[in-house]
Amino acid sequence: MAGAAIIALYILYWILDSVLNISTIVKIGVVLLVVGGILLVISIIRERTEDAKKETFRGTRQ
Numbered sequence: 700m701a702g703a704a705i706i707a708l709y710i711l712y713w714i715l716d717s718v719l720n721i722s723t724i725v726k727i728g729v730v731l732l733v734v735g736g737i738l739l740v741i742s743i744i745r746e747r748t749e750d751a752k753k754e755t756f757r758g759t760r761q
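Okay, so the sequence shown: first residue is 700 according to the numbering used here, each after it adds one.
Below you can see the structure in the form of structure tokens.
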């Protein structure tokens, strides 16, 4: 997972470097925010799917 994050960081930084003329610090910050957000969403989804497997769903009450 860490290798994929590093590759994603490099690709996103490369895209920002070729498209925008902004400072390096801002590019690094944007890349870290985006990749961190993606990793957070992946972590939340994985946790929810593991919890959903443990739960027993009895249906809804009427």
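Beta carbons are placed, not taken as given, at the ideal position from N, Cα and C, and that holds for glycine.
Checklist entry - Using DSSP with H/G/I as helix, E/B as strand and the rest coil, what is S717? => result helix
Checklist entry - Taking contact to mean at least 3 C-beta pairs separated by less than 8 Å, is the region 702-713 in contact with the region 726-734? => result yes
Item to check | Rounded C-alpha distance that separates Y712 from F756 | outcome: 44 Å
Checklist entry - If we count the other Cβ atoms within 10 Å of its Cβ and call it buried at 16 or more, is V734 buried or exposed? => result buried
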